[in-house]
Amino acid sequence: MRMVFRWFGEGNDTVSLDHIRQIPGVEGIVWALHDLPVGEEWPMERIEQIRDQASAYGLHIDVVESVNVHEDIKLGLPSRDRYIDNYIRTIEKLGKVGVKVICYNFMPVFDWARTDLHKLGPDGSTALFFEKSKIHGIDPLELVRTINQNSALTMPGWEPERLAHLTSLFDAYRNVSEEDLWDNLEYFLSKVIPAAEKNGIRMAIHPDDPPWPIFGLPRVITSQDNIRRFLSLYDSPANSVTLCSGSLGANPSNDIVAMIHEFHDRIPFTHIRNVKVFENGDFIETSHRTQDGTVDIEGVVQAYHENGYTGYTRPDHGRHIWGEECRPGYGLYDRALGIMYLWGLWDAYKRSAAAPSQLKEAVQ
Ligand code: DNO
205 MRMVFRWFGE GNDTVSLDHI RQIPGVEGIV WALHDLPVGE EWPMERIEQI RDQASAYGLH
265 IDVVESVNVH EDIKLGLPSR DRYIDNYIRT IEKLGKVGVK VICYNFMPVF DWARTDLHKL
325 GPDGSTALFF EKSKIHGIDP LELVRTINQN SALTMPGWEP ERLAHLTSLF DAYRNVSEED
385 LWDNLEYFLS KVIPAAEKNG IRMAIHPDDP PWPIFGLPRV ITSQDNIRRF LSLYDSPANS
445 VTLCSGSLGA NPSNDIVAMI HEFHDRIPFT HIRNVKVFEN GDFIETSHRT QDGTVDIEGV
505 VQAYHENGYT GYTRPDHGRH IWGEECRPGY GLYDRALGIM YLWGLWDAYK RSAAAPSQLK
565 EAVQ
């Protein structure tokens, strides 16, 4: 398990590289050029600038999250080829600076969705919350406004340029069925995976969050069966998954542990976090600890350990604790606590799996 930590860039994050390097066992940042409009080719100077900033703190840039996919690609429009060409040129440049994994998603219009970014918990912390009944009644534009008004910094997945044409985007998706989305995804993979293979990069799709259709828009990376189908669309190690325990875990019928056992060699990057799912289907993000939520984080780490996992891991959203002012879900404190929980589990599984003679040596 190679621990990495998301960093949104200089002036765009309340967490600094200096903070990150002080978290035990963190070896690299998970990054992106967040200010570039989706679909544009990434300039080499900007990529090298991040590489140099990170390496000044002894951190690598092996994992990018995300190179976003232009809506025309998801919609299967004729203009998609131009955006796919840009995507491929970005892959080539990222390969040149040693990037190993590109995380992306294929969710129409919206990335992750929540109805409240600062839901107050009984202990005084706040966290991201999803209220099922509210999302069904809300106008998507209203949700966009709420998300952006509640965060001082632009939220990834809710960038203004993506949302400027919301109404026409909704119209465009009216004729796109779930099967069409699968076809458009397959087309995208048929072009980008060969480029990723050539450049030593593994493309790792992020599951849909929450893992069900919202606002009548189709969503496909939602379950074990669908991930199996996705992987079979292009059978290559370069076509892989960012397994996110929190996104998939919002649906309690998803068995994340079983997914790890089945897909572990196609998971070069994993997000580990917990969510508490209520009986009515609402969910709130919690600390990473198993007992605080619905996802069996102990089982998740154990499954990775049993399969000799060597991929990149990052803690995912945390609560906002100790009065921290930060990007919603992306404070320093709770995610750093999350890392120590993940290491604690990992080290304990490692030790208990060691042969008795090694154990004796380890204790001495
Ligand atoms: C939310 C993140 C997602 C993720 C994208 C990947 O905090 O997990 O926005 O980065 O879905 O493309």
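Residue numbers (our numbering): 205 to 568.
Where a beta carbon is used, it is the ideal one built from N, C-alpha and C, also for glycine.
For clarity, every value in this text was computed on a predicted model and none was experimentally measured.
Quick one: residues in its chain with C-beta nearer than 8 Å to the C-beta of residue i, no 5 flanking neighbours on either side, listed in chain order?
i, result
"I292", "K395, V396 and A399"
"E365", "P241 and V242"
"V268", "V234, W235, A236, L298, V303, V305, I306 and C307"
"I224", "F209, W211, V230, I233, Y261 and L263"
"T319", "F333, F334, E335, K338, I339, I342, L347 and T350"
"D500", "I460, V461 and T494"
"P415", "R423, I425, T426, S427, S451, L452, A454, N455 and N458"
"S283", "D276"
Compute the minimum distance between the beta carbon of residue i and the heavy atoms of the ligand FAD, and state whether it is under 8 Å.
i, result
"C448", "Among the ligands present in this structure, namely the ligand DNO, the ligand FAD is not found."
Identify, in the order they occur along the chain, each residue of the same chain with its Cβ nearer than 7 Å to the Cβ of residue i, setting aside the five sequence neighbours on each side.
i, result
"L393", "L437, Y438 and N443"
"Y513", "M205 and H468"
"G553", "Just to set this straight, residue 553 is Tyr in the shown sequence, not Gly. Excluding residues within five positions, the ones whose Cβ falls inside 7 Å are V505, Q506 and H509."
"Y545", "H492 and R493"
"I425", "F310, I409, P411, D412, I431 and F434"
"N290", "G243, E244 and E245"
"P417", "R423"
"I251", "K297, L298 and V301"
Go through its chain and collect everything with a Cβ distance to residue i's Cβ below 6 Å, but skip five positions before and after it.
i, result
"T218", "C530"
"E296", "N403"
"R255", "I265 and V301"
"K480", "I488, T490, G497 and T498"
Per DSSP, residue i forms a beta bridge with which residues?
i, result
"W235", "V268"
"H468", "For H468, which the question treats as bridged, DSSP gives no partner whatsoever."
"E382", "Note: E382 sits in no beta bridge, so no partner."
"Y516", "R206 and F473"
"C448", "H475"
"L305", "One point to set straight first is that residue 305 is Val, not Leu, in the sequence displayed. Beta-bridge pairing links V305 to V267 and R406."
"K300", "Looking at the DSSP assignment, K300 forms no beta bridge with any residue, so it has no partner."
"N455", "Its beta-bridge partners do not exist; DSSP assigns none."
"K480", "I488"
"L421", "I418"
query = Using 8 Å as the threshold, is the stretch 511-525 in touch with the stretch 328-347, meaning 3 or more CB pairs across them?
reply = yes
ask   = Do the stretch 409-419 and the stretch 445-462 make contact, defined as three or more Cβ pairs closer than 8 Å?
value = yes
message = For the stretch 412-431 against the stretch 310-327, do three or more pairs of beta-carbon atoms, one drawn from each stretch, fall closer than 8 Å, so that the two count as touching?
response = yes
key: In chain order, each beta strand (DSSP E) run of at least 3 residues that lies wholly inside the stretch 316-372   = 320-324 and 330-334
request  = Please confirm if the stretch 333-352 is in contact with the stretch 472-487, defined as three or more CB-CB distances below 8 Å between the two stretches.
outcome  = yes
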